[in-house]
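Report on the structure given below.
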Amino acid sequence: MELAAAFPDVKTGDKRSMSFRISVDTGGTFTDVVVADEFGRLTVGKALTTPERAFKGLSDALNDAAEALAMDLPALLAQTELFVYGTTRATNAIVTRRGAKTAFLTTEGFPDILVLKEGGKHFPHDFATDYPAPYIPRRHTFEIRERMSSEGTASIPFDEAQARTILAKLKTLGFEAVAVSFIWSIANPAHERRMGELIEEMLPGVPYTLSHALVPILREYRRASASAIDASLKPLMQRHLQGLEEDLRAAGYQNEFLVSTSIGGVMQVAELIEQPIHTAKSGPAMAPVAARAFSGLETLGADAIVCDTGGTTFDVGLVREGELVYSRDTWLGGEWTGHLLGISSVDIRSVGAGGGSIAWIDDGGLFRVGPQSAGSVPGPACYGQGGTQPTVSDAACVLGYFNPDYFLGGRMALDQEAAHAAVSTVAARIGRSTAATAFGIINLASELMIKAIHDITIAEGVNPRESVLVAGGGAAGINIMLIAKELGCEKVLLPKQASALSAAGMQFADIVKEASRSLFTTSQSFDKVTVNTLLASLREELEAFRAGLNATQKALPYKIEFVTDARYASQVWEIEAPLPSAVFETNAEVDALTEAFHATHERLFTLRDEGSTIEFIGWKARLTVMSGIALDRIKPEPPPGVAETARYRPCYFGDDEPVTTRIWKGQELAAGTRVDGPCIIEEPTTTVVVFPGMSAEVTPRGHYLLTCI
Amino acid sequence: MQATNPSCSENAPVPPMDPVLMAIIANRIDAVVREMTHTLLRTARSAVINSARDFSCAICTGDNELLACAEGLPIHIFGADMQARTMTERHADLAEGDCYLHNDPYTGNTHAADHTFLVPVFFEGEHLFTAVAKAHQADCGNSLPTTYMSTARDLFEEGSLIFPAVRIQRDYKMVDDVVAMMRSRIRVPSQWYGDFLAGIGAARIAELRLKEVCAKYGKSAIKTFIKAWLDYTEQRMINALKSLPAASLSRDGRHDSTPFLPEGIPLRVDVAIDPDDARITIDLTRNIDNVDCGYNQSEATAVSSVMAGLFNSLKSDVPRNSGSFRRVDIKLREGAVAGKPRYPHSCSVATTNVSDRMINLTGLAFSDLGDGLGLAEGGVGLGVGMCVLSGTDPRYDNARFVNQIHLCASGGPASASADGWITYGIPVVAGLMYRDSIEIDELKHPIEVKRAAIVAGTGGAGRRRGAPGSMIEYGIKSETMTMIYPGDGQEFAPRGARGGQDGGLAGRWLIEPDGKATKLTNAANILIRKGQTVRGQDCGGGGYGPPLEREPERVLEDVRERYETPARAREIYGVVLTGSADDDTLAIDLDATRTLRRHMASA
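Chains as they are written, first to last, in the UniProt record's numbering: chain R, 1 to 709; chain L, 1 to 603.
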């Protein structure tokens, strides 16, 4: 692929002129920075996140990376051509409901769409939990007299006078944003459109979201939820993104500034201010992008499972046949109890499992890990901050997997005694040695993670045995090889930048924009004319967007793909099937589409029903402008293989007796080197435990290819 | 699994197998049930399964003990083991590749509309497990287009096809004769066949996965695990029962009258708790004889309903399987309305009406043990929002349709620690079932919904408040449409516990084009005509504890959020508010509240 246009000519002799790309992932605890040079070589920088002033943490992390490149920050910024930013700001605002004071306008008679939601309840016998409050309080919900039918006719005409009365009230009450979601607005958006016009007229400057424009999909709750979330984020994200861009400009940066989005792409700030909901999974959506790139670089195949291990959560995502996997069922704040994003976003499943998960014995004598976590305060016992409950980190400490002289990058002293004391409480209960118990804790923690991986691979019809497992997150290396062994994954890749996987992914992310409409038709009476018109209008919309890109971006290769949300007649859950062609001239194209649906259904659910009519509900086009770093541009930078004095530590791998274990520093291992377990590889921001019978090999690019079976 | 307190209990016994391996295998078995659930949910055709989640998956052992049932509906907890036993007893030639259909309410099934697919799982030639997938059908061939034949005087008038563990696959191939029989006797056969394939698919996925688990850990470890796991769950139940006080409890309750059952159904539960021996006896033998209509419980639902009432009252996540059930002695009488049905009495509505009342009754009985224990009663009644609709759809060439809709939101009961769950549904589903999307229902049936809204002030008042019920109203787009529902909830309200007030009653009306409303009977079979609408008010849940003990802040929030009315705040909760909800200025007048509450308490 020819992507030279993405990289302005590099002057010989001044290799660093205008040739860097910077990506930033502002997480809850750390801000990760990855800087790519013109050869695609990646440098990681890290600093603590500063929630009160985002730019502080960001510039600390940038300085950290600049230092590693032996540059100062102004020089780095001056020579940077692209800056990509990802943030948890939107997610946090949704979960803690700190968005704008938002009014929810709904069809009269349906005030409780955000209360009643979709889905059910997890524990049938739990009556100790209050019902979760809706995303927008009921008192901020207003019913508008109007009703569209499922056929798109007005059962009740839009009552403009009543709508004006409500808007006047909103003005008095000082609402900062308005979400409009009417029943069947997707069948006929006239009422929502008129409502939008009235808002512009009566509440000028107040941001609003119309459901049919944001998410033209069936099911009133998911459309309402998406609209409510989007509207509530508008004032906040506008301030945040514009403020950050101003800070960056003030620091001397002059080129393109893009933000990573939930669909695994990057987008201009102006677009995201219009639809800020697309920043909700800004950071996590980038992990599969990184996995796809790294797996491709190492030619490990087109199917990948990506795991990102943090202190309290474990995220799993997928890459299937080289494509990201999307879902409309992303809940923030817990499945069913939280709020449904409603938009299509990269499918990432999170479970509460990590270094802080607590091990315990229940009253029937069963050995359990989690779901309780020691969190960051007091944290695991080995942090020495007063924690006494045995956690996964304490188990790793007891087993000798942590370097006591360089714990958490030297930021913390490792309290080994406290860890032993904590783990021995559980050991005494099950009559095992502390070391065997600690190994059990690691295995049970792995089970929680395996469960999360199972849930997503089952849902997507992916076989873990045929996928490469890509590990990210600072704590990934502790048990990723155990997990891979249990799953039967033969190939495991732990990138050198594992601790900043999402930021690394942003380097490879393309500009992605979607357009969608709903239109009901069936395989029996396929409406070719209307479908063709619809698909052409989707293409037009995306071409118009592309025409607005800057000259460099417009010169990039791009593609537009089409998919449909379809189902067998009388099923209610649609699945996304690719459109073999974007124009339907003859029945042959309809047949090809029908076959594409059968094949997708069979892959996901192991059955196809040839005799059944297929219902097509939604149509979507996805534009990808290939702005990410192209893999074939990347020049390998093999690790040096510096010889050091051999170091050893006693470590445990399931037996009561320790094994004298070789401890490698990453820089000691030249490309192509294979080390056999048991051994431990220490990188500045991550640790890899290679268990007995397993091995690790350094790839030509300095990543770790792990063999677990 | 639900979280419990992470403490290291000092006197818990150590299971007789590697504790890590035991936890891992338990996790794997749990994963199998979740994969079955996922498969069934996403591949089924009828809305009752794929929108409403009216199905459950379970795994039984080779010797027919219930091993795991993950997030199955409360009313489906018990019985899979009885069904598996029917299968092994009826088929001496049980073999790998078999699949059986069971829906016989006299030998372990819930009711005839729940088709249960049983796949015996063989490993190294031995029958080690039975995978069980149970799903409510949109139609099961009843004489009327409903899966809840409340009026059926007996099994024959009910009319459903009955399959007492009938082989439907041999050597992994369909027994086509049975399929042909069903196709010719079930309404909308294409929909039924899709669900049939989905049910078999779910059980087959489990077979595949269970074999993988067996291959990985070996037969001997699996057998050790089964025993250890059932013993472990028994121990959990022992501990839970030991924490209860010794007591003998009795409670009476009632199912509403209907046109064909003018006396209604009196109900009774007697509970004896023996914490020293860690045993509990639940006695249903004092219930009246079977009634000549579809409300009789099957044995599976009789046991499941009181078992659900018990589990609702335990403060612990004790797994639901044959291990924990060992400690529960349920006394049933053959020929009792709540008990074992005597053939051919109809159990068509066994999974809801009487069962809902029995779950409520049991939970309420437990509340008599003391403050902090048991539950109030939850909203009951399948009405306008949970009826079976049938007819033809003019939008799709007058294609026939029959389906149950799920737009009901009866209020959940209050417990000592939480307010009722708003999307509770009814006691037998306890909030697990999914509520339909209005748009999906309008796409699939020629109806137009006018209103779906929570009604303020219908939740039973209490220190913890019952959830309010919802109002639903819809009209039709075809010339006529049949609506059938088995009712309940219009006469006897869900009761409050320990001083909590009762929840609001249900109500159902037929509205003429001129607005004239006719109250509908408790159970009904109605032909709706174009221009008419039907309206249904769902019950609110009962409250727990005296309303005067509710924190004024909670009452304020209830009024601000329109779950309660200002009048009830003052008259029932004794909370005096100032300002107005309209302009966000509502506040508590603490002094006036204190005075009013003192006055009300002494009155």
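C-beta atoms are modelled at their ideal positions from N, C-alpha and C, and glycine is treated no differently.
Bear in mind that the values here come from a model prediction, so they are computed numbers and not experimental data.
query: Taking 8 Å as the cut-off, does the segment 294-301 of chain R touch the segment 178-190 of chain R (at least 3 CB pairs, one atom from each stretch)?; result: no
query: In or out: alanine 3 of chain L buried (at least 16 other Cβ within 10 Å) or exposed?; result: Unreliable positioning characterises alanine 3 of chain L in this predicted model, as indicated by a pLDDT of 38, which lies under 50. The coordinate reading is nonetheless provided below. Exposed, because fewer than 16 other Cβ atoms sit within 10 Å of the Cβ of alanine 3 of chain L.
query: Leaving out the 5 sequence neighbours to the left and right, which residues in its chain are closer than 8 Å to glutamine 524 of chain R when beta-carbon positions are compared?; result: Thr613
query: Leaving aside the five residues before and after glutamate 2 of chain R along the sequence, list all residues of the same chain whose C-beta is less than 6 Å from its C-beta, in chain order.; result: Annotation note: pLDDT 34 at glutamate 2 of chain R (below 50); position unreliable, coordinate value reported separately. Within the same chain, glutamate 2 of chain R has no close Cβ partners at all.
query: Could you name the residues of chain R that tyrosine 232 of chain L contacts, counting a contact when the two beta carbons are closer than 8 Å?; result: Gly364, Gly365 and Leu366
query: Under 9 Å between the Cβ atoms of glycine 283 of chain R and serine 627 of chain R?; result: no
query: Figure out for me which residue from R/Pro580, R/Gly205, R/Pro692 and R/Ile229 has the closest Cα to the Cα of leucine 214 of chain R.; result: R/Ile229
query: Tell me the DSSP secondary structure of aspartate 63 of chain L in three-state form.; result: coil
query: Could you tell me how far apart the beta carbons of serine 298 of chain L and aspartate 393 of chain L are, in whole angstroms, since I believe they sit closer than 8 Å?; result: Contact flag wrong, Cβ pair sits at about 33 Å.
query: Nearest by alpha-carbon distance to lysine 227 of chain L: which of L/Thr147, L/Arg167 and L/Gly62 is it?; result: L/Gly62
query: List the endpoints of the continuous alpha helix (DSSP H) containing threonine 362 of chain L.; result: 353-367
query: Would a check of beta-carbon distances place glutamate 118 of chain R closer than 9 Å to chain L?; result: yes
query: Report the three-state DSSP secondary structure of glycine 507 of chain L (helix, strand or coil).; result: strand
query: For arginine 45 of chain L, would you say it is in contact with chain R, using Cβ-to-Cβ distances shorter than 9 Å as the test?; result: yes
query: In three-state DSSP terms, what is aspartate 18 of chain L?; result: coil
query: Please go through the same chain and pick out, in chain order, the residues whose beta-carbon is closer than 7 Å to the beta-carbon of arginine 223 of chain R, but skip the five residues on each side of it.; result: Ser181, Ser211, Val215, Ile217 and Gly342
query: Is there a Cβ of chain R sitting closer than 9 Å to that of arginine 42 of chain L, yes or no?; result: yes
query: Would you mind stating whether alanine 418 of chain L and alanine 128 of chain R have Cβ atoms separated by less than 9 Å?; result: yes
query: Could you check which residue in L/His76, L/Ile75, L/Ala215 and L/Asp274 has the C-alpha nearest to that of glycine 125 of chain L?; result: L/Ala215
query: Taking the C-alpha atoms as reference points, what is the distance between phenylalanine 83 of chain R and isoleucine 22 of chain R?; result: 5 Å
query: Of all the CB atoms in chain R, is at least one closer than 9 Å to the CB of asparagine 312 of chain L?; result: yes
query: Which of the three DSSP states, helix, strand or coil, is assigned to alanine 603 of chain L?; result: coil
query: Quick check: isoleucine 483 of chain R and leucine 318 of chain R, are their CB atoms within less than 9 Å of each other?; result: no
query: Under the rule that 16 or more other beta-carbon atoms within 10 Å means buried, what is phenylalanine 78 of chain L, buried or exposed?; result: buried
query: Cβ atoms of valine 384 of chain L and arginine 508 of chain L: under 9 Å apart, would you say?; result: yes
query: Closest Cβ-Cβ distance between arginine 701 of chain R and chain L: below 9 Å?; result: no
query: Using a Cβ-Cβ cut-off of 6 Å (strictly less than) and excluding sequence neighbours within five positions of asparagine 255 of chain R, which residues of its own chain qualify?; result: Glu81
query: Could you please give the first and the last residue of the uninterrupted alpha helix (DSSP H) stretch that includes isoleucine 94 of chain R?; result: 89-95
query: Give a yes or no on whether the minimum CB-CB distance between glutamine 537 of chain L and chain R is below 9 Å.; result: no
query: Measure the Cβ-Cβ separation of serine 305 of chain L and valine 428 of chain L and say whether it is below 9 Å.; result: yes
query: Take the Cβ of leucine 527 of chain L as the centre, count every other Cβ of all protein chains shown within 10 Å, and call the residue buried at 16 or more, exposed below.; result: exposed
query: Over the uninterrupted alpha helix (DSSP H) stretch that includes leucine 248 of chain R, give me the two end residues.; result: 220-250
query: So what does DSSP say about glycine 201 of chain L, is it helix, strand or coil?; result: helix
query: Write down the C-beta distance between alanine 240 of chain L and leucine 314 of chain L rounded to the nearest angstrom, noting that I regard them as a contact closer than 8 Å.; result: 5 Å
query: So what does tyrosine 208 of chain R bridge to, in DSSP terms?; result: R/Val178
query: Can you tell me the Cα-Cα spacing of alanine 90 of chain R and tryptophan 573 of chain R, whole angstroms?; result: 28 Å
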